Amino acid sequence: MDEFILALFGSGDKLKATTLYQLLTGKKTTSVLLFGYFHDLLPLFGLFPEGNQGQFQNRLQQLAAAGKLTALPDHYYCLENEDFQAVQPMKQTLANLDHFAFGKREAAAWRMVQFVVQVASMYQRTANFVPLETAPGYTEPVRLLIRQHQGNLREILAKEFQTLFSELDQDVADVLARSFSGWEVMGQATYQLVPDWAQKKPWDMLVPISWHEAFFKVLDKHPNFVLYQLITPIFLGERNQSGLQTQALFEAGYTFEQVMGQRGLKSGTINDHVIEWALSDRNFPFDEFIHPEAAVRLAQRSGNPVSWRFRDVAELPVDFLSFALFQIRSKKKEERSCS
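Just so we're aligned, residue 1296 is where the sequence shown starts under the numbering used here, counting upward by one.
Structural data, given as C-alpha coordinates:
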(Lines of atoms letter the chains of each structure in order from A and count residues from 1; the text may use other names and numbers.)
(Lines give C-alpha, C1' and ligand atoms only; values in the text may rest on other atoms or scores of the structure.)
Protein backbone atom coordinates (compact mmCIF):
# COMPACT_ATOMS: atom_id res chain seq x y z
CA MET A 1 0.00 0.00 0.00
CA ASP A 2 2.92 2.35 0.68
CA GLU A 3 4.06 2.36 -2.95
CA PHE A 4 0.52 3.12 -4.08
CA ILE A 5 0.18 6.09 -1.72
CA LEU A 6 3.57 7.50 -2.68
CA ALA A 7 2.70 7.13 -6.37
CA LEU A 8 -0.25 9.50 -5.86
CA PHE A 9 2.08 12.39 -5.13
CA GLY A 10 3.55 14.06 -8.19
CA SER A 11 6.67 16.17 -7.95
CA GLY A 12 5.80 19.33 -6.02
CA ASP A 13 2.24 18.18 -5.28
CA LYS A 14 0.78 19.09 -1.91
CA LEU A 15 -2.28 16.94 -1.25
CA LYS A 16 -4.78 17.33 1.55
CA ALA A 17 -5.23 14.02 3.36
CA THR A 18 -8.98 14.32 3.92
CA THR A 19 -9.75 15.23 0.31
CA LEU A 20 -7.46 12.50 -1.00
CA TYR A 21 -9.26 9.96 1.18
CA GLN A 22 -12.65 11.21 -0.05
CA LEU A 23 -11.48 10.83 -3.65
CA LEU A 24 -10.26 7.28 -3.15
CA THR A 25 -13.47 6.25 -1.37
CA GLY A 26 -15.73 7.88 -3.97
CA LYS A 27 -17.30 10.87 -2.23
CA LYS A 28 -18.83 12.64 -5.22
CA THR A 29 -18.78 16.34 -4.38
CA THR A 30 -17.70 19.10 -6.73
CA SER A 31 -14.71 20.00 -4.57
CA VAL A 32 -13.49 16.38 -4.53
CA LEU A 33 -13.97 15.93 -8.28
CA LEU A 34 -12.13 19.16 -9.09
CA PHE A 35 -9.34 18.22 -6.68
CA GLY A 36 -9.00 14.88 -8.45
CA TYR A 37 -9.05 16.36 -11.91
CA PHE A 38 -6.57 19.15 -11.27
CA HIS A 39 -4.12 16.76 -9.58
CA ASP A 40 -4.50 14.09 -12.30
CA LEU A 41 -6.03 11.71 -9.77
CA LEU A 42 -9.64 11.60 -10.98
CA PRO A 43 -9.14 8.19 -12.68
CA LEU A 44 -8.62 6.76 -9.17
CA PHE A 45 -12.01 7.98 -7.94
CA GLY A 46 -13.82 5.43 -5.78
CA LEU A 47 -11.21 2.67 -6.00
CA PHE A 48 -11.54 1.93 -2.27
CA PRO A 49 -15.20 2.44 -1.32
CA GLU A 50 -14.72 0.47 1.90
CA GLY A 51 -11.65 2.45 2.97
CA ASN A 52 -11.04 3.35 6.60
CA GLN A 53 -10.12 6.99 7.16
CA GLY A 54 -8.31 6.34 10.43
CA GLN A 55 -6.13 3.66 8.85
CA PHE A 56 -5.42 5.89 5.87
CA GLN A 57 -4.38 8.79 8.10
CA ASN A 58 -2.17 6.47 10.13
CA ARG A 59 -0.46 5.23 6.98
CA LEU A 60 0.29 8.78 5.88
CA GLN A 61 1.72 9.56 9.31
CA GLN A 62 3.88 6.43 9.19
CA LEU A 63 5.23 7.42 5.77
CA ALA A 64 6.02 10.86 7.15
CA ALA A 65 7.79 9.32 10.16
CA ALA A 66 9.79 7.12 7.78
CA GLY A 67 10.96 10.19 5.88
CA LYS A 68 9.05 9.40 2.68
CA LEU A 69 6.40 12.11 3.03
CA THR A 70 6.54 15.54 4.59
CA ALA A 71 3.63 16.53 6.84
CA LEU A 72 2.54 20.14 6.27
CA PRO A 73 0.06 22.37 8.15
CA ASP A 74 -3.70 21.78 7.74
CA HIS A 75 -3.26 18.04 7.04
CA TYR A 76 -1.38 18.49 3.76
CA TYR A 77 1.39 16.13 2.67
CA CYS A 78 4.02 16.16 -0.05
CA LEU A 79 6.87 13.90 -1.13
CA GLU A 80 10.00 14.18 0.99
CA ASN A 81 12.11 13.12 -2.00
CA GLU A 82 10.72 14.75 -5.12
CA ASP A 83 12.81 12.41 -7.28
CA PHE A 84 10.67 9.45 -6.16
CA GLN A 85 9.33 7.44 -9.08
CA ALA A 86 7.03 4.44 -8.86
CA VAL A 87 8.42 1.42 -10.68
CA GLN A 88 7.24 1.13 -14.27
CA PRO A 89 4.62 -1.64 -13.85
CA MET A 90 2.96 0.34 -11.07
CA LYS A 91 3.07 3.57 -13.08
CA GLN A 92 1.51 1.79 -16.06
CA THR A 93 -1.20 0.26 -13.89
CA LEU A 94 -2.22 3.68 -12.56
CA ALA A 95 -2.06 5.20 -16.05
CA ASN A 96 -4.44 2.54 -17.38
CA LEU A 97 -7.13 3.25 -14.78
CA ASP A 98 -10.19 5.42 -15.31
CA HIS A 99 -12.43 4.53 -12.40
CA PHE A 100 -14.28 7.84 -12.56
CA ALA A 101 -15.57 6.93 -16.01
CA PHE A 102 -16.16 3.21 -15.47
CA GLY A 103 -16.49 2.89 -11.70
CA LYS A 104 -18.52 0.14 -10.12
CA ARG A 105 -19.71 -1.22 -13.48
CA GLU A 106 -16.22 -2.17 -14.68
CA ALA A 107 -16.54 -5.76 -13.44
CA ALA A 108 -20.06 -6.22 -14.83
CA ALA A 109 -19.06 -4.75 -18.18
CA TRP A 110 -16.03 -7.01 -18.47
CA ARG A 111 -18.18 -10.05 -17.66
CA MET A 112 -20.43 -9.01 -20.55
CA VAL A 113 -17.41 -8.81 -22.86
CA GLN A 114 -16.26 -12.29 -21.85
CA PHE A 115 -19.78 -13.67 -22.22
CA VAL A 116 -20.42 -12.28 -25.70
CA VAL A 117 -17.03 -13.60 -26.85
CA GLN A 118 -17.92 -17.06 -25.55
CA VAL A 119 -21.38 -17.09 -27.14
CA ALA A 120 -20.19 -15.73 -30.50
CA SER A 121 -17.40 -18.29 -30.57
CA MET A 122 -19.77 -21.19 -29.85
CA TYR A 123 -22.63 -20.00 -32.07
CA GLN A 124 -23.57 -22.55 -34.78
CA ARG A 125 -20.74 -24.80 -33.61
CA THR A 126 -22.35 -26.32 -30.53
CA ALA A 127 -25.10 -25.62 -28.06
CA ASN A 128 -23.55 -28.01 -25.57
CA PHE A 129 -21.53 -25.68 -23.35
CA VAL A 130 -21.81 -24.11 -19.92
CA PRO A 131 -22.48 -20.38 -20.39
CA LEU A 132 -20.42 -17.96 -18.35
CA GLU A 133 -23.57 -16.02 -17.47
CA THR A 134 -27.20 -17.02 -16.95
CA ALA A 135 -28.75 -13.83 -15.52
CA PRO A 136 -31.17 -12.06 -17.91
CA GLY A 137 -29.17 -8.83 -17.63
CA TYR A 138 -26.44 -10.60 -19.59
CA THR A 139 -28.29 -13.18 -21.66
CA GLU A 140 -31.01 -10.95 -23.12
CA PRO A 141 -28.73 -8.28 -24.67
CA VAL A 142 -26.51 -11.00 -26.16
CA ARG A 143 -29.52 -12.92 -27.48
CA LEU A 144 -30.75 -9.72 -29.15
CA LEU A 145 -27.30 -9.18 -30.65
CA ILE A 146 -27.33 -12.68 -32.14
CA ARG A 147 -30.76 -12.07 -33.67
CA GLN A 148 -29.53 -8.83 -35.23
CA HIS A 149 -26.31 -10.20 -36.69
CA GLN A 150 -26.85 -13.99 -36.75
CA GLY A 151 -23.94 -15.77 -38.42
CA ASN A 152 -21.98 -12.55 -38.90
CA LEU A 153 -21.50 -11.75 -35.21
CA ARG A 154 -18.32 -13.80 -34.79
CA GLU A 155 -16.65 -12.13 -37.76
CA ILE A 156 -17.80 -8.65 -36.68
CA LEU A 157 -16.44 -9.10 -33.17
CA ALA A 158 -13.18 -10.57 -34.45
CA LYS A 159 -12.55 -7.44 -36.53
CA GLU A 160 -13.47 -5.16 -33.65
CA PHE A 161 -11.16 -6.95 -31.24
CA GLN A 162 -8.37 -6.83 -33.79
CA THR A 163 -8.71 -3.04 -33.88
CA LEU A 164 -9.10 -2.64 -30.13
CA PHE A 165 -6.17 -4.86 -29.25
CA SER A 166 -3.96 -3.08 -31.79
CA GLU A 167 -4.62 0.18 -29.91
CA LEU A 168 -3.89 -1.30 -26.48
CA ASP A 169 -0.48 -1.86 -24.95
CA GLN A 170 0.58 -5.27 -26.22
CA ASP A 171 0.98 -6.77 -22.74
CA VAL A 172 -2.57 -5.71 -21.79
CA ALA A 173 -4.01 -7.05 -25.04
CA ASP A 174 -2.23 -10.37 -24.54
CA VAL A 175 -3.44 -10.88 -20.99
CA LEU A 176 -7.03 -9.97 -21.87
CA ALA A 177 -7.01 -12.37 -24.81
CA ARG A 178 -5.90 -15.17 -22.48
CA SER A 179 -8.95 -14.53 -20.27
CA PHE A 180 -11.46 -15.41 -23.02
CA SER A 181 -13.26 -18.75 -23.26
CA GLY A 182 -14.77 -20.09 -26.45
CA TRP A 183 -14.67 -22.89 -28.99
CA GLU A 184 -12.01 -25.35 -27.78
CA VAL A 185 -10.50 -22.64 -25.55
CA MET A 186 -10.74 -22.26 -21.77
CA GLY A 187 -9.85 -18.81 -20.50
CA GLN A 188 -7.53 -18.33 -17.57
CA ALA A 189 -8.86 -17.04 -14.25
CA THR A 190 -7.84 -13.58 -13.09
CA TYR A 191 -5.59 -14.88 -10.31
CA GLN A 192 -3.65 -16.87 -12.93
CA LEU A 193 -3.03 -13.74 -15.00
CA VAL A 194 -1.87 -11.33 -12.29
CA PRO A 195 1.95 -11.02 -12.49
CA ASP A 196 4.19 -11.95 -9.58
CA TRP A 197 5.01 -8.35 -8.66
CA ALA A 198 1.29 -7.62 -8.16
CA GLN A 199 0.58 -10.53 -5.81
CA LYS A 200 0.08 -8.12 -2.92
CA LYS A 201 -2.50 -5.56 -1.87
CA PRO A 202 -3.71 -3.31 -3.39
CA TRP A 203 -2.05 -4.24 -6.69
CA ASP A 204 -3.69 -7.67 -6.90
CA MET A 205 -7.00 -5.78 -7.16
CA LEU A 206 -5.81 -2.75 -9.15
CA VAL A 207 -3.99 -4.59 -11.93
CA PRO A 208 -7.03 -6.51 -13.30
CA ILE A 209 -9.18 -3.38 -12.99
CA SER A 210 -6.54 -1.44 -14.92
CA TRP A 211 -6.57 -4.01 -17.75
CA HIS A 212 -10.33 -3.75 -18.10
CA GLU A 213 -10.45 0.04 -17.87
CA ALA A 214 -7.63 0.38 -20.41
CA PHE A 215 -9.78 -1.73 -22.75
CA PHE A 216 -12.89 0.38 -22.12
CA LYS A 217 -10.97 3.61 -22.72
CA VAL A 218 -10.03 2.31 -26.17
CA LEU A 219 -13.55 0.99 -26.83
CA ASP A 220 -14.95 4.42 -25.94
CA LYS A 221 -13.26 5.80 -29.06
CA HIS A 222 -15.32 3.49 -31.30
CA PRO A 223 -19.02 4.30 -30.75
CA ASN A 224 -19.97 2.55 -34.01
CA PHE A 225 -18.70 -0.82 -32.81
CA VAL A 226 -21.24 -3.50 -31.95
CA LEU A 227 -19.32 -4.14 -28.74
CA TYR A 228 -19.60 -0.47 -27.75
CA GLN A 229 -23.37 -0.54 -28.23
CA LEU A 230 -23.60 -3.69 -26.11
CA ILE A 231 -21.48 -2.36 -23.25
CA THR A 232 -22.46 1.33 -23.03
CA PRO A 233 -25.86 0.77 -21.33
CA ILE A 234 -24.02 -0.89 -18.44
CA PHE A 235 -21.98 2.25 -17.82
CA LEU A 236 -24.95 4.57 -18.25
CA GLY A 237 -26.50 2.86 -15.25
CA GLU A 238 -23.56 4.08 -13.17
CA ARG A 239 -23.90 7.72 -14.19
CA ASN A 240 -25.56 10.31 -11.98
CA GLN A 241 -29.16 9.92 -13.19
CA SER A 242 -30.23 13.29 -11.81
CA GLY A 243 -27.26 14.86 -13.57
CA LEU A 244 -28.21 13.15 -16.83
CA GLN A 245 -31.72 14.63 -16.58
CA THR A 246 -30.21 18.09 -16.10
CA GLN A 247 -27.89 17.52 -19.06
CA ALA A 248 -30.80 16.43 -21.27
CA LEU A 249 -32.69 19.64 -20.54
CA PHE A 250 -29.70 21.81 -21.41
CA GLU A 251 -29.18 19.84 -24.61
CA ALA A 252 -32.86 20.44 -25.43
CA GLY A 253 -32.24 24.19 -25.28
CA TYR A 254 -33.49 25.06 -21.79
CA THR A 255 -31.89 28.05 -20.07
CA PHE A 256 -30.27 27.75 -16.64
CA GLU A 257 -33.32 29.29 -14.95
CA GLN A 258 -35.68 27.02 -16.87
CA VAL A 259 -33.68 23.95 -15.86
CA MET A 260 -33.83 25.03 -12.21
CA GLY A 261 -37.59 25.43 -12.45
CA GLN A 262 -38.15 22.20 -14.35
CA ARG A 263 -35.97 20.15 -11.99
CA GLY A 264 -36.96 21.99 -8.80
CA LEU A 265 -33.31 22.18 -7.79
CA LYS A 266 -31.11 24.95 -6.42
CA SER A 267 -28.52 26.65 -8.59
CA GLY A 268 -25.68 25.01 -6.64
CA THR A 269 -26.98 21.53 -7.48
CA ILE A 270 -27.32 22.45 -11.15
CA ASN A 271 -23.74 23.77 -11.03
CA ASP A 272 -22.62 20.41 -9.63
CA HIS A 273 -24.36 18.58 -12.47
CA VAL A 274 -22.81 20.82 -15.11
CA ILE A 275 -19.30 20.45 -13.67
CA GLU A 276 -19.59 16.66 -13.54
CA TRP A 277 -20.85 16.74 -17.14
CA ALA A 278 -17.83 18.86 -18.15
CA LEU A 279 -15.46 16.39 -16.51
CA SER A 280 -17.15 13.40 -18.16
CA ASP A 281 -17.75 14.60 -21.72
CA ARG A 282 -14.90 15.37 -24.11
CA ASN A 283 -17.39 17.34 -26.26
CA PHE A 284 -18.80 19.49 -23.45
CA PRO A 285 -20.00 22.90 -24.80
CA PHE A 286 -17.93 25.20 -22.56
CA ASP A 287 -18.85 28.38 -24.43
CA GLU A 288 -22.52 27.87 -23.62
CA PHE A 289 -21.87 27.93 -19.87
CA ILE A 290 -18.91 30.24 -19.29
CA HIS A 291 -20.18 33.81 -19.06
CA PRO A 292 -18.52 35.86 -21.85
CA GLU A 293 -17.39 38.65 -19.52
CA ALA A 294 -15.99 36.12 -17.06
CA ALA A 295 -14.07 34.43 -19.88
CA VAL A 296 -12.50 37.75 -20.91
CA ARG A 297 -11.54 38.70 -17.35
CA LEU A 298 -10.09 35.29 -16.56
CA ALA A 299 -8.13 35.19 -19.82
CA GLN A 300 -6.41 38.40 -18.75
CA ARG A 301 -5.02 36.82 -15.58
CA SER A 302 -1.49 35.45 -15.52
CA GLY A 303 -0.42 32.02 -14.37
CA ASN A 304 -1.80 28.54 -14.79
CA PRO A 305 -5.61 28.60 -14.30
CA VAL A 306 -5.51 25.20 -12.61
CA SER A 307 -3.57 26.70 -9.69
CA TRP A 308 -6.07 29.53 -9.11
CA ARG A 309 -8.50 29.62 -6.21
CA PHE A 310 -11.95 31.16 -6.47
CA ARG A 311 -11.15 33.55 -3.65
CA ASP A 312 -8.31 34.91 -5.82
CA VAL A 313 -10.87 36.38 -8.24
CA ALA A 314 -13.37 37.62 -5.67
CA GLU A 315 -12.95 41.18 -6.95
CA LEU A 316 -13.92 40.17 -10.50
CA PRO A 317 -17.46 39.73 -11.91
CA VAL A 318 -16.95 35.99 -12.16
CA ASP A 319 -19.42 33.36 -10.94
CA PHE A 320 -18.19 30.04 -9.56
CA LEU A 321 -19.51 27.93 -12.44
CA SER A 322 -17.75 30.07 -15.06
CA PHE A 323 -14.57 29.97 -12.98
CA ALA A 324 -14.56 26.18 -12.56
CA LEU A 325 -15.41 25.55 -16.21
CA PHE A 326 -12.69 27.97 -17.34
CA GLN A 327 -10.19 25.96 -15.29
CA ILE A 328 -11.45 22.63 -16.65
CA ARG A 329 -11.33 23.89 -20.24
CA SER A 330 -7.79 25.18 -19.75
CA LYS A 331 -6.61 21.81 -18.47
CA LYS A 332 -8.39 19.92 -21.25
CA LYS A 333 -6.67 22.13 -23.84
CA GLU A 334 -3.34 21.43 -22.16
CA GLU A 335 -4.02 17.69 -22.21
CA ARG A 336 -4.92 17.75 -25.91
CA SER A 337 -1.77 19.70 -26.77
CA CYS A 338 0.34 17.07 -24.99
CA SER A 339 -1.37 14.06 -26.55
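The beta carbon of each residue, even a glycine, is placed where N, CA and C say it ideally should be. Given the structure is predicted, the values throughout are model-derived calculations rather than measurements.
Under the DSSP definition of a beta bridge, Lys1311 partners with Tyr1371. When the alpha-carbon of Ala1472 is set against those of Trp1506, Leu1448, Lys1495 and Ala1403, the nearest one is in Trp1506. The alpha carbon of Val1425 has as its nearest neighbour, out of Phe1410, Leu1439 and Pro1436, the alpha carbon of Phe1410. Its chain contains Met1555 as the residues whose beta carbon lies nearer than 7 Å to that of Ser1562, once the 5 sequence neighbours on both sides are disregarded; these appear in chain order.
In the structure shown, Thr1527 adopts helical secondary structure according to DSSP, grouped into three states. With fewer than three CB-CB distances shorter than 8 Å, the region 1542-1558 does not count as touching the region 1328-1341.
Bounds of the alpha helix (DSSP H) holding Tyr1486 are Thr1485 to Leu1488. By the criterion of a C-beta distance shorter than 7 Å, Glu1375 is surrounded in its chain by Gly1362, Lys1363, Leu1364 and Thr1365, once the five residues flanking it on both sides are discounted.
If only uninterrupted alpha helix (DSSP H) runs of at least 4 residues are considered, those enclosed by the region 1387-1455 are 1394-1397, 1401-1417 and 1431-1444. Under a 10 Å Cβ-count criterion, Gly1446 is classified as exposed, with fewer than 16 other Cβ atoms of the shown protein chains found around its own Cβ. Residue burial annotation: Gly1331 is buried, with at least 16 other C-beta atoms found within 10 angstroms of its C-beta. Secondary structure note for Ala1302: its alpha helix (DSSP H) is the uninterrupted segment Asp1297 to Ala1302. Sequence-distant Cβ neighbours of Phe1460 in its own chain, meaning closer than 8 Å and more than five residues away, are Ala1468, Leu1471 and Ala1472. Counting C-beta pairs with one atom in each stretch, the region 1507-1516 and the region 1310-1326 have fewer than three that are closer than 8 Å, which means they do not touch. Annotated three-state conformation of Leu1611 is coil, per DSSP. Between the beta-carbon of Thr1388 and that of Trp1498 there is about 7 Å, and that keeps the pair under the 8 Å contact cut. For Val1382, the secondary structure class from DSSP, reduced to helix, strand or coil, is coil. Between the C-alpha atoms of Asn1423 and Pro1344 there is a straight-line separation of about 40 Å. DSSP places Ala1361 outside both helix and strand once states are collapsed to three, so it counts as coil. In the three-state DSSP reduction, Ala1547 falls in the coil class, being neither helix nor strand. Contact between the region 1577-1586 and the region 1521-1536 is absent: fewer than 3 CB-CB pairs across the two stretches fall below 8 Å.
Restricting attention to Leu1328, Met1296 and Ala1312, the CA atom closest to the CA of Ile1570 is found in Leu1328.
Residue environment for Glu1401: buried (at least 16 other C-beta atoms within 10 angstroms of its C-beta). Just measuring C-alpha positions, the residue of Lys1495, Asp1393, Lys1323 and Thr1324 sitting nearest Met1296 is Lys1495. Restricted to the region 1530-1589, the alpha helix (DSSP H) segments that are unbroken, complete and at least 4 residues in length are 1536-1546, 1551-1558 and 1562-1575, listed in chain order. Gly1305 and Val1521 have their C-alpha atoms spaced approximately 39 Å apart. In the three-state DSSP reduction, Gly1349 falls in the helix class (H, G or I).
Distance check between Asn1599 and each of Gln1622, Arg1577, Ala1404 and Leu1611 places Gln1622 closest, using alpha-carbon atoms only. Setting aside the 5 residues that flank it on each side, Trp1478 is surrounded in the same chain by Ser1416, Met1417 and Arg1420, each with a C-beta closer than 7 Å to its C-beta; the list follows chain order. Of the candidates Ser1326, Tyr1433 and Val1412, the residue whose Cα lies closest to the Cα of Gly1482 is Val1412. Glu1450 is classed as exposed because its beta carbon has fewer than 16 other beta carbons within 10 Å across all chains shown.
Ranked by how close their Cα comes to the Cα of Arg1406, the residues Lys1627, Leu1525 and Gln1595 have Leu1525 in first place.
In this structure, Val1480 keeps its C-beta atom at 9 Å or more from the C-beta atom of Ile1441.
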